[in-house]
Amino acid sequence: RACSLDGPTRFRDSPINTMSKQCPTVTVLMAVYNGQQYLPEAIESILSQSFTDFEFLVIDDGSEASSPAIVQSYGDPRICLIRNATNRCLAASLNIGIAAATGRYIARMDADDISLPARLSQQVDFMEAHQNVGVCGTWVEIIGIDRKLVWEYPSDCDTIQARLLFDSPLAHPSTIFNR
């Protein structure tokens with residue numbers, strides 16, 4: 040089934056799209072532009088999460104390659120593909136996804152990243168236990184290189200706020216935040 044959403048085409052054959060279904064706890068939001076090289080691994084890492092109460096919004100940002108077909112090939116009812124007619128860039132695509140999200144939390148994901156199987160479970164547990172926290176992120180391990188490299192992001196509020204003046208103190212594809 041397809042419907043219009045502010046210009047892009049939205050595909051969803053899912054019980055999530057019915058009025059009788061309650062909103063999921065998490066919306067996983069991923070934008071992709073010609074990301075077919077790593078996209079299957081990224082999708083599978085989300086579909087394999089131990090926490091299953093999520094919708095998976097994939098915003099195709101006007102890809103010229105096979106990214107939309109890869110997403111549609113999964114047939115998982117939690118996946119919703121929204122296609123931009125033209126490339127609108129990452130920020131605009133993510134804003135489209137945020138507007139379409141129905142989850143209480145939004146978890147970011149990139150098309151060239153992999154989430155460990157307990158990621159959503161651990162992050163939802165943390166957010167539920169710490170209602171005063173608006174966003175939660177993690178350290179990230181860089182894959183595809185010969186040595187182990189971990190980017191360690193700050194974990195205390197004061198350091199995060201100070202770093203906001205200079206750069207991003209959170210790895211976007213590892214974050215979950217309140218909607």
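Quick note on our numbering: the sequence shown kicks off at 40 and runs consecutively.
Just so it is clear, CB atoms sit at the ideal spot from N, CA and C, and this is done for glycine as well.
Bear in mind that the values here come from a model prediction, so they are computed numbers and not experimental data.
Same chain, Cβ closer than 8 Å to residue i, five either side skipped, listed in chain order
i, result
"LEU188", "GLU180, ILE181"
Cut-off 7 Å between Cβ atoms - residues of its own chain near residue i, not counting five sequence neighbours on either side
i, result
"ALA131", "none"
"ALA104", "ASN73, GLN75"
"VAL228", "Residue 228 is absent from the model: the chain starts at 40 and stops at 218."
"GLN162", "ALA146, CYS175, ILE215"
"ALA157", "SER89"
C-alpha distance - residue i paired with residue j, whole-angstrom precision
i, j, result
"ASN123", "ASP99", "6 Å"
"ASN217", "LEU203", "18 Å"
"TRP178", "ALA210", "7 Å"
"SER106", "ARG127", "16 Å"
"GLN75", "ALA168", "37 Å"
"PRO116", "ASP164", "24 Å"
"ASP253", "PRO79", "Nothing can be reported for residue 253, as the shown portion of the chain is limited to 40 through 218."
"ILE184", "ILE135", "33 Å"
"ALA139", "ILE215", "16 Å"
"PRO208", "GLN170", "21 Å"
"TRP190", "TYR77", "20 Å"
"CYS175", "ASP206", "17 Å"
"ALA108", "TYR192", "35 Å"
"LEU129", "SER102", "12 Å"
"ARG147", "SER154", "10 Å"
"CYS62", "SER194", "30 Å"
"MET58", "ALA201", "Note that MET58 has pLDDT 40, beneath the 50 cutoff, so the model's placement of it is unreliable and the number below is only indicative. The straight-line gap from Cα to Cα measures roughly 43 Å."
"THR219", "ILE137", "Coverage of the chain is limited to positions 40 through 218, which leaves residue 219 absent and any answer about it impossible."
"CYS196", "TYR144", "20 Å"
Beta-carbon contacts of residue i that lie in its chain and below 6 Å, excluding the five residues immediately before and after
i, result
"ASP149", "PRO212"
"GLY46", "Any reading at GLY46 needs caution, since the residue's pLDDT is 42, under 50, leaving its predicted position unreliable; the model's value is listed next. Same-chain partners within the cutoff: there are none."
"ILE199", "PRO193, PRO208"
CB-CB length for residue i against residue j, believed under 8 Å
i, j, result
"GLY142", "THR64", "6 Å"
"GLN39", "LEU159", "Past the boundaries of the shown model lies residue 39; the chain is included only from 40 to 218, so the question cannot be answered."
"TYR113", "ILE85", "Their Cβ separation, rounded to whole angstroms, is 10 Å, which puts TYR113 and ILE85 out of contact at 8 Å."
"ILE118", "VAL110", "6 Å"
Touch test, the stretch 61-72 against the stretch 87-107, Cβ-Cβ under 8 Å, three pairs minimum = Contact between the stretch 61-72 and the stretch 87-107 is present, with at least three C-beta pairs closer than 8 Å.
What residue ranges within the stretch 59-93 form continuous beta strand (DSSP E) runs of no fewer than 3 residues, ordered along the chain?
-> Secondary structure remark: continuous beta strand (DSSP E) runs of at least 3 residues inside the stretch 59-93, in chain order: 65-71.
Ignoring anything shorter than 3 residues or poking outside the stretch 112-159, list the beta strand (DSSP E) runs there in chain order.
-> Runs found: 118-122, 144-149.
Can you list the beta strand (DSSP E) stretches of 3 or more residues lying completely in the stretch 153-209, in chain order?
-> Counting only runs of 3 or more, we get 179-181, 188-190.
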